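Here's the structure we're looking at; comments come further down.
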Amino acid sequence: MTVLTFGRIVDICGAGVLDVAPQPDTDSLEAHLHGRYPELKGLTYVLAVDQKTITGNTPLHPSSVVAVLPPFSGG
Amino acid sequence: MTVLTFGRIVDICGAGVLDVAPQPDTDSLEAHLHGRYPELKGLTYVLAVDQKTITGNTPLHPSSVVAVLPPFSGG
Amino acid sequence: MDKIKNIFTQGPISPAFIADSIARHASKTGIGAHSIFLGQVRADIQGGQRVAGIEYTAYEPMALERMHEIREDIFTRYDLTCMHVHHSLGLVKTGEVSLFVFTSAPHRRAAIDACNEVVESIKASLPVWGKEIFDNQDTRWKENR
Amino acid sequence: MDKIKNIFTQGPISPAFIADSIARHASKTGIGAHSIFLGQVRADIQGGQRVAGIEYTAYEPMALERMHEIREDIFTRYDLTCMHVHHSLGLVKTGEVSLFVFTSAPHRRAAIDACNEVVESIKASLPVWGKEIFDNQDTRWKENR
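Protein chains in written order, with numbering that gives the first Met the number 0: chain E, 0 to 74; chain Y, 0 to 74; chain D, 0 to 144; chain S, 0 to 144.
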């Protein structure tokens, strides 16, 4: 499945688009990403699934697009 | 003494600059103006003496410039 | 104390003038936010007649003195980099701009709040009068709400 | 429901573009007030180095969807005639404009309050990121306050 990263998360993960083995839900996706990119654990971010930010564990489909969004700083 | 008028007060008094016999204070000036321009009585306005709006009876000098200011509508 | 600045301009305030004002701030690199208010003459309908323009007059020396006070007060209360005010005199037609208030600051809250306050102060306390001129040449003295 | 509008533009927003936006409203004669907010890149100093510019990136489809929601919400709550938002992507140098929010309404309260709210919503909820680039080419991810 596709994971998009933005802002400082790109620097940590080394790419803006990550290819990740399919995960059943966002909790397991986060655990997977934390294993692969340990620096992520200390950072503030929210996840968006198919362009909607989520607040708790959320089921994922193989076609889901998950984005890792650090604090916004537009304007 | 000089009395300046603005906005709708100009229409009522017929001129933007009125020459008025010297008056000792603003109360007597107002009485004088009301006698000369009866329509003034029904209108909302404030007086300014030497560019400062006044709230009560105020002494006048022969050199004082009094302005009759209807509600502002700039902007 | 700064000296008293003129704010009055004959006729409408053009978009090109506004653009030029904005462009002149590019060199003030401490600025992070600008807030701009523009008053535009509205085609109000009254008794079947449409406003074609507003003719503005002012008690100029008193208005400039009052504007100076407003400016001094705003600069003591907000962290502003600069502030510019322009108000039309004479005829401004429907769709044209008669008031331009422009505040700039390092951070947005100061710029936005100061601009808002200055607009309210101008409307409430500047001795300026607008006479609405209708399509049929009738006139009516405008009243601010 | 209106369709989703693009708000992103490559590089800075020019004063001429802003002037053109203002001029295009002269024909909307129901408008009495415009409120404009401009975000300008500030030359902050950090560790002795000066910000030379900010490079903006966005999660574009999500940002446009979110902006669409902000727009729909604002129009239900304020009597607005129109609203325009432009945000830069890519490099915007110090002194240049990266955000342009423009609201117009028959009366000033709607224009001013809506503009203020939209600016706050953009800062808080649009997935856009700015990377400050210093004179010595060091970089730092910007954080909104």
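Cβ coordinates follow ideal geometry from the N, Cα and C atoms, glycine included.
Predicted model, so just to flag it, every value in this text is computed and none were measured.
- Judged by beta-carbon spacing, S/ALA57 lies within the 8 Å limit of S/VAL127, meaning their Cβ atoms are closer than that value.
- Every beta strand (DSSP E) of 3 residues or more that sits fully in the stretch 0-63 of chain E is shown, in chain order, as 1-4, 16-18 and 45-48.
- D/GLN39 counts as buried, since at least 16 other C-beta atoms from the protein chains shown sit within 10 angstroms of its C-beta.
- With its beta carbon at least 8 Å from every one in chain D, S/THR75 lies outside the interface.
- Going by beta carbons, D/ASN143 and Y/GLY74 fall inside the 8 Å limit.
- S/ARG49 is bridged by DSSP to S/ILE44.
- When E/GLN50, E/ALA66 and E/ASP49 are compared, the shortest CA-CA separation from E/GLU29 is found for E/ALA66.
- DSSP places D/ALA104 inside the beta strand (DSSP E), whose first and last residues are 96-104.
- At least 8 Å separates the CB of S/ALA113 from every CB of chain D.
- Partner residues in a beta bridge of S/ARG65, as assigned by DSSP, do not exist.
- With a threshold of 16 other beta carbon atoms within 10 Å, S/GLU131 meets it and is buried.
- Here D/ILE3 carries a coil assignment [DSSP, helix/strand/coil].
- For S/ALA32, the enclosing beta strand (DSSP E) stretches over residues 32-39.
- Of E/MET0, E/GLU38 and E/ASP24, the smallest CA-CA separation from E/THR54 is found for E/ASP24.
- In the DSSP assignment, D/ARG139 forms a beta bridge with D/GLU131.
- Below 8 Å, too few C-beta pairs join the stretch 40-47 of chain Y and the stretch 110-122 of chain D to call them touching: fewer than three.
- In terms of Cα proximity to S/GLY29, the closest of S/THR75, S/GLU119, S/SER103 and S/ARG41 is S/SER103.
- D/GLY46 is classed as exposed because its beta carbon has fewer than 16 other beta carbons within 10 Å across all chains shown.
- Chain-order list of chain D residues neighbouring S/GLU71: empty, with the shortest C-beta distance near 23 Å, by a criterion of under 8 Å.
- When CB distances to chain E are screened at a threshold of 8 Å, the residues of the stretch 120-143 of chain S falling below it are ILE121, LYS122, ALA123, SER124, LEU125, PRO126, VAL127, TRP128, GLY129, LYS130, TRP140, LYS141, GLU142 and ASN143, in chain order.
- In terms of beta-carbon proximity, S/MET82 stays away from the interface with chain E, with every pair separated by 8 Å or more.
- DSSP places S/LYS122 in the uninterrupted alpha helix (DSSP H) bounded by 107-124.
- Under the DSSP assignment, S/SER20 falls in the alpha helix (DSSP H) whose first and last residues are 14-22.
- Out of Y/VAL2, Y/THR1, Y/MET0 and Y/ILE8, the CA that lies nearest to the CA of Y/LEU42 is found in Y/ILE8.
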